[in-house]
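K.L.:
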Amino acid sequence: MDQTNDVGIGAKDAGQISIEARVSDLVRLGIIGLFAYWTMLLIAPFALIVVWSAILAVALYPMFNALSRLIGNRPVIAATAIVLACLVLIIAPLALVAVNFAGAVEGLVGKLQTQSFALPVAPESIRAWPVIGERAYAAWNKVAGDLASNIIEFQKPILNVMGIVVAKLASISGGVLSFVVSVILSGFFLTQSTRLAEAIRVLASRVAGERGVGFAKLAGTTVRNVSRGVIGVAFLQTLMCGLCFAFFDLPARGALTFIIFILCVMQLGPGLVLVPAVIWGWFSWPTSVAFALTVVAVPIMLVDNVLKPILMAKGLSTPMLVILIGVIGGTLSYGLLGLFLGPIVLSVFYELLRAWAWPPRENTEATPLAQAPG
């Protein structure tokens, strides 16, 4: 009887201890969660910059590693050189576009002040356009005939559009400044790349074991492939378009080149600018010059279709379709940052799904074949 009571008391004490242990665990988790929440609030203003810095560091690491070895294992000098080169690549085109834009605006304002700005009369070829030809011809000549009164008549919508443009330009300026800071911070990440890589490996291993380390490597490879296949190809197409515009002396070629780079990064391609430019060339230039522009523009528009699949799928087991969906979906959902986060998330999810649906199994029948001499 006493033994039964002792067993009951022991079980009761064990249950009490178990409850207290659970309460203690909940309290600890609550405190950790509270500190995690406060930490997220504190770093939230800098989260975008830090993420961009990490992406840039991962994408630039092969170049940094090669340059550091070339100059005798000097990581600080290599990182500084890469950061300066990136800043030049970012600031120089923007400065060129800004100078061209400011010059165009200054000239337009001067002509408006002296009332010397006038639209040319609509060409007769517009009348031959199907459906809208006559209306477009009449509307063009109406505006060209009395430009000042038309500006006064549509003053309110013009001011609204200008306000939207100014707000967008301010937003773009803020984004460019944040990106410049991210480039500078990525240089620090590059100098500490060994320690950071080891910390990420340990953290990934604690979260998901060896598979977590594989996911970390997959994320790094995906970032490098996307940077080569999207940003690299976008730079190549933009450079080719800029040279083409300069050779054929297209008007506003600086602004058009910048727009093409944005379109290429957004996966829309240079065709949205090149096709209208070619059409304009056929209406404005001799047939031989317009044909030459067409011959040059068509291969430029098709370059990404050849290079992008090769560069983005290099070294990855993830299908190209999954990466491409991640690139497009991420860009549409989260902008330029989603360009990198989208394929990373989809690639990791694809590998998780494949590991769950088709877990690796040892094939005992294939072992002798694998070990057989060649």
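Per the working numbering, the sequence shown starts with residue 887, numbered consecutively.
In this text, a Cβ means the ideal position worked out from N, Cα and C, and glycines have one as well.
#1: THR1108 and THR1204 - do their beta-carbons sit closer together than 9 Å?
#2: So, at 8 Å on beta carbons, what are the nonlocal neighbours of SER852 in its own chain, with the 5 sequence-adjacent residues on each side left out?
#3: In three-state terms, what does DSSP make of ALA1199?
#4: By the three-class DSSP mapping on this structure, what secondary structure does LEU934 have?
#5: Please report the distance separating the alpha-carbon of PRO1254 from that of GLN1123.
#6: Helix, strand or coil for MET1187, going by three-state DSSP, please let me know.
#7: What does the Cβ neighbour count give for ASN1191, buried or exposed, with the cut at 16 atoms within 10 Å?
#8: Could you spell out where the alpha helix (DSSP H) holding LEU1222 opens and where it closes?
#9: Need the endpoints of the alpha helix (DSSP H) that GLY1098 sits in, please.
#10: For GLN1153 and ARG1114, what's the separation of their Cα atoms in angstroms?
#11: Do the CB positions of ARG1110 and PRO961 come within less than 9 Å of each other?
#12: Across the segment 1232-1245 and the segment 1196-1213, are there enough close Cβ pairs to call them in contact, namely three or more that are closer than 8 Å?
#13: Does the separation of the CB atoms of ILE1117 and ALA945 fall below 9 Å?
#14: Going by DSSP, what residue range makes up the alpha helix (DSSP H) through THR1124?
#15: Within the chosen definition, does the segment 1148-1162 reach the segment 1182-1201 through at least 3 CB pairs nearer than 8 Å?
#16: Roughly how many angstroms separate the alpha carbons of TYR1236 and VAL969, rounded to a whole number?
#17: Can you tell me which of VAL1099, TRP1026 and ALA1241 puts its alpha carbon nearest to the alpha carbon of ALA1083?
#18: Where does LYS1194 land, buried or exposed, given buried means 16+ other C-beta within 10 angstroms?
#19: In terms of alpha-carbon separation, which member of GLY1061, PHE1133 and PRO1156 lies closest to PHE1144?
#20: I'd like the list of long-range same chain contacts for LEU942, defined as Cβ closer than 7 Å, with 5 residues on each side in sequence excluded.
#21: By Cβ distance below 7 Å, which residues in the same chain neighbour GLY1049 in space, the five residues on each side in sequence not counted?
#22: Tell me whether TRP1242 sits in a helix, a strand or coil according to DSSP, three-state version.
#23: Since VAL1017 is in the alpha helix (DSSP H), which residue starts that stretch and which ends it?
#24: I need the DSSP call for THR1204, collapsed to helix, strand or coil.
#25: Does VAL1164 pass the burial test, meaning 16 or more other C-beta atoms within 10 Å, or should it be called exposed?
#26: Taking Cβ to Cβ, would you say PHE1226 is nearer than 9 Å to SER1079?
#27: So for ALA1141, helix, strand or coil by DSSP?
#28: Among the candidates LEU982, ILE977 and ARG955, whose CA atom is the shortest distance from the CA of ARG1139?
#29: How would you label TRP1244, buried or exposed, when you count the other beta carbons within 10 angstroms and need 16 or more for buried?
#30: Am I right that ALA1022 and TRP1015 are in contact with their C-beta atoms under 8 Å? What's the rounded C-beta distance?
#31: Within this structure, are the beta carbons of MET1198 and VAL1181 separated by less than 9 Å?
#32: What does a CB cutoff of less than 6 Å around ALA1183 pick up in its chain, not counting 5 residues either side in sequence?
P.N.:
For this structure:
#1: Against a cut-off of 9 Å, the Cβ pair of THR1108 and THR1204 comes out as a contact.
#2: An answer regarding residue 852 cannot be provided, because it is not within the stretch 887 to 1260 covered by the chain.
#3: Residue state, collapsed to three classes: coil.
#4: Correct three-state label for LEU934: helix.
#5: Only weak support exists for where PRO1254 lies, its pLDDT of 40 falling under 50; the coordinates are left without a value.
#6: Here MET1187 carries a helix assignment [DSSP, helix/strand/coil].
#7: Looking at its Cβ environment, which holds fewer than 16 other Cβ atoms inside 10 Å, ASN1191 is exposed.
#8: Where LEU1222 is concerned, there is no enclosing alpha helix (DSSP H), given that its DSSP letter is neither H nor E.
#9: Here the alpha helix (DSSP H) through GLY1098 covers 1079-1112.
#10: The C-alpha of ARG1114 is placed about 14 Å away from the C-alpha of GLN1153.
#11: ARG1110 is not a Cβ neighbour of PRO961, given a cutoff of 9 Å.
#12: At 8 Å Cβ cutoff, the stretches touch.
#13: In terms of Cβ geometry, ILE1117 and ALA945 form a close pair [threshold 9 Å].
#14: Run containing THR1124: 1119-1134, per the alpha helix (DSSP H) assignment.
#15: The answer is yes - the segment 1182-1201 touches the segment 1148-1162, with three or more Cβ pairs under 8 Å.
#16: Rounded to the nearest angstrom, the two C-alpha atoms are 34 Å apart.
#17: Nearest option by C-alpha distance: VAL1099.
#18: With a 10 Å radius around the Cβ and a threshold of 16 neighbouring Cβ atoms, LYS1194 comes out buried.
#19: Measuring from the Cα of PHE1144, the nearest candidate turns out to be PRO1156.
#20: Cβ neighbours of LEU942 beyond the five flanking positions: SER1068, VAL1069 and SER1072.
#21: Listed in chain order, the non-local C-beta contacts of GLY1049 below 7 Å within the same chain number zero, local neighbours out to five positions each way being set aside.
#22: TRP1242: helix per DSSP, three-state reduction.
#23: Counting along the chain, VAL1017 sits inside no alpha helix (DSSP H), nor does DSSP assign it H or E at all.
#24: THR1204 sits in coil when the DSSP states are folded into three classes, being neither helix nor strand.
#25: Buried, by the Cβ-count rule.
#26: Taking 9 Å as the cut-off, the Cβ atoms of PHE1226 and SER1079 do not count as close.
#27: In the three-state scheme derived from DSSP, where H, G and I count as helix and E and B as strand, ALA1141 is classed as helix.
#28: Comparing Cα-Cα distances from ARG1139 to each of LEU982, ILE977 and ARG955, the minimum goes to LEU982.
#29: Per the 10 Å Cβ criterion, exposed.
#30: The pair is a contact, with the Cβ atoms about 6 Å apart (cut-off 8 Å).
#31: Taking 9 Å as the cut-off, the Cβ atoms of MET1198 and VAL1181 do not count as close.
#32: Spatial neighbours of ALA1183 in its own chain (CB-CB distance under 6 Å, excluding positions within 5 residues in sequence) are listed in chain order as LEU1160 and VAL1164.
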